[in-house]
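A short worksheet on the structure shown next.
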Amino acid sequence: MASAGGDGLPARARGLAFFAMALAMAMAVLDGAIVNVALPVIARDLGVPASDAIFVVNAYQIAVTAALLPLATLGESLGYRRVYLAGLAAFTAASVACAVAPDLPSLIAARVAQGLGAAGIMSVNTALVRFIYPQRLLGRGVGNVALVVAVASAAGPSLAAAILSLAEWPWLFLVNLPVGLVALAVGARTLPHTPRSSRRFDLPSAGLNALTFGLLIVGLDGLADPGRRGLALAEIAAAILVGTVFIRSQIRLAQPLLPLDLLRIPAFALSMMASVCAFSAQMVAYVALPFYFHDAIGLSVAHTGLLMTPWPLAIAVMAPLSGRLADRYPPGLLGALGLALLAIGLAALALLPREATTLDIVWRLTLAGIGFGLFQSPNNKIIILSAPRERSGGASGMQASARLVGQSLGAALVAVAFGLVAGGPAAAFVPTLWCAVVLALTGAVASGLRRARF
C-alpha cells in the first residue's frame, strides 16, 4: 500500500490509482444525469405521475450537494482514502437497491443513499489527486479528472439510450455493480494513505450545511415551475436565512466545517468565484440551446442531441492539454483566456442567424467548449495548491460544491428567463445567452486577478 509521505505515487501505482478514481467519478457523474432519459419509463412502470418521478433526479442532486462539505471534513479526520472507498462502496450498494426498488418511495430513498455515496467520491476526489500525482505533474492530474468528467457528461444521454434499447430501466443502475466492484478492488490496493487531523466531526454544523444547500437546490429547481415559483422563492429565502446562521456559527469555531480559512486566501476565493461563474454560464447554454434548436430552428430531438456534442467533446480534448499547460504557464492567465474564449463563443451563439447552417452552429459550440476546457484544469490546480496540504479535503469539497451550485444557478436562470420573457424559450434565448456572456466575463476577470503562479 502506497503512502502519502512522498511527492506522489510511482508511475505504475499512480496509473492504477487514477484508473480506480476514474471509474468511480464516471459512475457518479453519469448517475447525476443518466436517469433523466428514463424518467417517463420509470413513472409508467411504478404507476406514478411524471411530476413525482422527477424526485428520482432531485433526491440524488440534493444528497450530493448537502453532503459534500461534511464528507470533505470527515476526509481530513479519517483520511481521504477511507472516505473515498466508503463512498464508493455505498454508491455501489445503493445502485443495486435502486435497481430492485419496488415503488417510488423506495427508489427515492435508494437514490438518496446513492447520492451520499457519490458525495463521498466527489468530496475528496481533488484532494486525492494531490497525493497521487507529484507536484510537477499536478496540472496533468487535474486535467485527467476533467477529461473523465467531460466524457462521462457527454456520454450520459447516449449511454442511457443504448441501455434502454437493450434492457429495462433497472439496468441503468445494475451496470454500476461490476464497475464499482472493480474500482473498489483496485482502489483498495493503490489509493494512498493520507495524513489525518485530530479535528472532531461537527454534527450541528453538518446539519446546518445540509439544510442550507438542500433548501437552496430545491428552491432553484422549483423556479422552473411557474405554479410553485412562490414556494421556490420562499425556500431560497429560507436557505439564505439558515445560511446566515450557518456562516455566523462557523466564524466562532477554530476548525469550521465551512472552510472560511480557505476563503480568506485571495487565490482560492477568486478561483471559487470563477468556478461558479463558469459552470453557471455553461449550464445556461446547455439548458437553453436545445430549446432554441428544437423550437426556433425546427431541428428534431435526435438532431438537437447530436448537435450539442461538439461542446463536451471539445472540453474532453482540451482539458488534459490545458492541465499540461498549467504545469508550464501561469494557471490564472490560462483560466482567464479560457473564460474569455467561452464568452466569445457564447456571444457568437447569441448572434446566431436564424438561417444558420450546421457548420455555423458547430464552430461556435466548439469554441465555447475549448474555452471552458482551457479554464477548468488550471483553475482546479490553483484550488488545490492555494490551500495548505492538510486542508486539501476542504478545498476538494469546495471545488465540487462550486460546480454543483454553479450548475443549479445556471439552470435556474434559464427557467426564470423562459418564464418572464414573452414568447417563450425561442424569444428568451438571446437575452439568456447574453447573461451567460456576462457570467463568463466575470469569471475571466476573477481568474485574471490571481497573480500568484503555482
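The sequence shown begins at 717 in the numbering used here and counts up one residue at a time. Beta carbons: idealized from backbone N, C-alpha and C, even for Gly.
- Rounded to whole angstroms, the separation of the alpha carbons of R905 and A733 is 8 angstroms.
- Under the criterion of beta carbons closer than 8 angstroms, L1058 and F1088 qualify as touching, at roughly 5 angstroms.
- Distance from the Cα of L957 is smallest, within the candidate group A779, L939, F929, for F929.
- When C-alpha distances from S881 are compared across I981, V753, D918, V861, the shortest belongs to V753.
- A Cβ-Cβ distance of about 14 angstroms is found for the pair V773 and V745, leaving them out of contact under the 8 angstroms criterion.
- A Cβ-Cβ separation of about 14 angstroms leaves V902 out of contact with A742 under the 8 angstroms criterion.
- Taking all protein chains in view, the Cβ of E1106 is surrounded by fewer than 16 other Cβ atoms within 10 Å, so the residue is classified as exposed.
- With at least 16 other beta carbons inside 10 angstroms of its own, S1102 counts as buried.
- Around the beta carbon of T1148, 16 or more other beta carbons lie within 10 angstroms, which makes this residue buried.
- Closest in alpha carbon position to Y796, among T1025, R846, I963, S1093, is R846.
- Within 10 angstroms of the beta-carbon of L949 lie fewer than 16 other beta-carbons, which makes it exposed.
- From the listed residues I837, A1064, G935, the smallest Cα separation to G1109 is found for I837.
- In this structure, G1048 is the residue among G1048, V898, A1063, V1130 with its C-alpha nearest to the C-alpha of P982.
- The distance from the Cβ of G1135 to that of P942 is about 5 angstroms, consistent with a contact at the 8 angstroms cut-off.
- When DSSP states are grouped into helix, strand and coil, Y1045 belongs to the coil group.
- Short of 7 angstroms from the beta carbon of A806, and not among the five residues preceding or following it, lie these beta carbons of its own chain, in chain order: A829, L832, G833, G836.
- For W887, the secondary structure class from DSSP, reduced to helix, strand or coil, is helix.
- If you draw a straight line from the Cα of G923 to the Cα of Y1002, it comes to about 32 angstroms.
- About 27 angstroms separates the CB atoms of A1111 and W1027; that is not less than 8 angstroms, and the two are not in contact.
- By the Cβ neighbour-count rule, L1075 is exposed, with fewer than 16 other Cβ atoms within 10 Å of its own.
- Comparing alpha carbon positions, the residue from G855, P1104, Y1008, G872 closest to L979 is P1104.
- Here L820 is near D768, since their CB atoms are less than 8 angstroms apart.
- For I750, there is no enclosing alpha helix (DSSP H), as DSSP marks it with neither H nor E.
- Boundaries of the alpha helix (DSSP H) around A862: 854-882.
- The C-alpha of A1128 lies about 6 angstroms from the C-alpha of D937.
- Fewer than three pairs of CB atoms, one per stretch, sit closer than 8 angstroms, so the segment 774-786 makes no contact with the segment 855-862.
- Taking a C-beta distance under 8 angstroms as the contact criterion, S987 and R1166 qualify as a contact pair.
- The beta carbon of I879 is closer than 6 angstroms to those of W887, L888 in its chain, skipping five residues each way along the sequence.
- In this model, G896 and V757 are separated by some 25 angstroms (Cα to Cα).
- Judged by DSSP secondary structure, V845 falls within the alpha helix (DSSP H) whose first and last residues are 820-848.
- A distance of 8 angstroms or more separates the beta carbons of A825 and A994.
- If only complete runs of 4 or more residues are kept, the segment 1058-1104 shows the alpha helix (DSSP H) at 1074-1102, in order along the chain.
- For G803, the closest C-alpha among the options V780, S793, S822, A817 is that of V780.
- By the C-beta criterion, the segment 1110-1125 is judged to be in contact with the segment 1092-1102, since at least 3 inter-stretch pairs fall below 8 angstroms.
- Per DSSP, Y796 is one residue of the alpha helix (DSSP H) stretching across 796-815.
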